[in-house]
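Student: At position 167 of the sequence shown (counting the first as 1) the number is 167 in full-length UniProt numbering, and the numbers step up by one without a gap.
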Amino acid sequence: MPEDDRGEAVWRAYLDESEPDRRVSPGVYLMAAAVPDPEAVEPVRETLRLLRRPEQRKLHWHAESAKRRREIVEAIVALPALHVVVVLNGQPGESSERRRRKCLRRMAWELDQRDVVELVAEARERKQNGRDLEVFQALRAERSIRAGLRLFHEPGPSEPLLWIADAIAGAYTAWCAGDPVYYETVAPVVDLVECDA
Numbered sequence: 001m002p003e004d005d006r007g008e009a010v011w012r013a014y015l016d017e018s019e020p021d022r023r024v025s026p027g028v029y030l031m032a033a034a035v036p037d038p039e040a041v042e043p044v045r046e047t048l049r050l051l052r053r054p055e056q057r058k059l060h061w062h063a064e065s066a067k068r069r070r071e072i073v074e075a076i077v078a079l080p081a082l083h084v085v086v087v088l089n090g091q092p093g094e095s096s097e098r099r100r101r102k103c104l105r106r107m108a109w110e111l112d113q114r115d116v117v118e119l120v121a122e123a124r125e126r127k128q129n130g131r132d133l134e135v136f137q138a139l140r141a142e143r144s145i146r147a148g149l150r151l152f153h154e155p156g157p158s159e160p161l162l163w164i165a166d167a168i169a170g171a172y173t174a175w176c177a178g179d180p181v182y183y184e185t186v187a188p189v190v191d192l193v194e195c196d197a
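Structure below.
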């Protein structure tokens, strides 16, 4: 179990994002966070590893069949975790990176309010990871979040807890596209935050 300097449990959030088809949901960008109970992190990881097929490096929503997606969301609902989804209704013509930064700003604030101390996002390109860190520096400078809130990047295949956020983001994206069954399954365990750009 992750602990801080005082030996207290550390709440970590694992993030992923999605951008629904712009023809269906123009301007929408979302970020999902999974915040597992610190005392259950290893059992949750093991549950996710068991869901992964032998040929997979990681669970990835877009690579899964409808049957597997149902299995994944049903497993997520049973996990001891809090989930947060921030949905941004962005401006027309805004870049995906700008929308991501806006989502990350709001997500960091939301998680800070829930006493999360570390955020782990799926690693992207070095320059993109740097932009995420700049968002955190700006939030700290503005005192919008606590100085101790930290952001790390991990490769998706190496951290199964990132797979939860991928699935929740995928379920919401499917809902946007007219396939609500997956998000309706996880909605009872998700705090949904909608915001305008």
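Backbone N, C-alpha and C define an ideal beta-carbon position, used for all residues, glycine too.
Going by the DSSP bridge assignment, what does residue 18 pair with across the sheet?
Tutor: 30
Student: Would you check if the distance between the CB atom of residue 14 and the CB atom of residue 165 is smaller than 7 Å?
Tutor: yes
Student: With a threshold of 7 Å between beta carbons, is residue 88 in contact with chain B?
Tutor: Note that chain B does not occur in the displayed structure, where there is just one protein chain.
Student: Here's the rule: buried if 16 or more other CB atoms are within 10 angstroms of the residue's CB, otherwise exposed. What is residue 16?
Tutor: Buried is the call here.
Student: Evaluate residue 65 with the Cβ neighbour count: other Cβ atoms within 10 Å of its Cβ, from every protein chain shown; 16 or more gives buried, anything less gives exposed.
Tutor: exposed
Student: First and last residue of the beta strand (DSSP E) that includes residue 193?
Tutor: DSSP places residue 193 inside the beta strand (DSSP E), whose first and last residues are 190-196.
Student: Taking only the alpha-carbon atoms, compute the straight-line gap between residue 46 and residue 106 and give it to the nearest angstrom.
Tutor: 30 Å
Student: Under three-state DSSP, which class holds residue 133?
Tutor: helix
Student: Whose C-beta lies closer than 7 Å to the C-beta of residue 129 among residues of the same chain, with five residues either side of it excluded?
Tutor: 123, 153
Student: Residues in the same chain with beta-carbon distance under 8 Å from residue 196, minus the five sequence neighbours each way, listed in chain order, please.
Tutor: 88, 89
Student: Let me make sure I understand the geometry here. Which of 32, 180, 51 has the alpha-carbon closest to that of residue 68?
Tutor: 51
Student: Runs of 3 residues minimum, wholly inside the region 66-118: which ones carry the beta strand (DSSP E) assignment?
Tutor: Listed in chain order, the complete beta strand (DSSP E) runs (minimum 3 residues) inside the region 66-118 are 81-89.
Student: Among residues of its own chain, excluding the 5 on either side of residue 79, which ones have a beta-carbon nearer than 6 Å to its beta-carbon?
Tutor: 44
Student: Using beta-carbon positions only, say whether residue 186 and residue 77 come within less than 7 Å of one another.
Tutor: yes
Student: On the criterion of 16 or more Cβ atoms from any shown chain inside 10 Å, does residue 20 qualify as buried, or is it exposed?
Tutor: Residue environment: residue 20 is assigned as buried (16 or more neighbouring CB atoms within 10 Å of its CB, all protein chains considered).
Student: Ignore the nearest five residues each way along the sequence and tell me which others in residue 18's own chain have a CB closer than 6 Å to its CB.
Tutor: 30, 169, 173
Student: Please classify residue 192 as buried or exposed, where buried requires at least 16 other C-beta atoms within 10 Å of its C-beta.
Tutor: exposed
Student: From residue 1 to residue 36, what does the alpha carbon distance come to, in whole angstroms?
Tutor: Confidence is the limiting factor: at residue 1 the pLDDT is only 47, short of 50, which leaves the residue's position unreliable and the question unanswerable from this model.
Student: Going by CA-CA distance only, name the one from 176, 85, 132 that's closest to residue 188.
Tutor: 85
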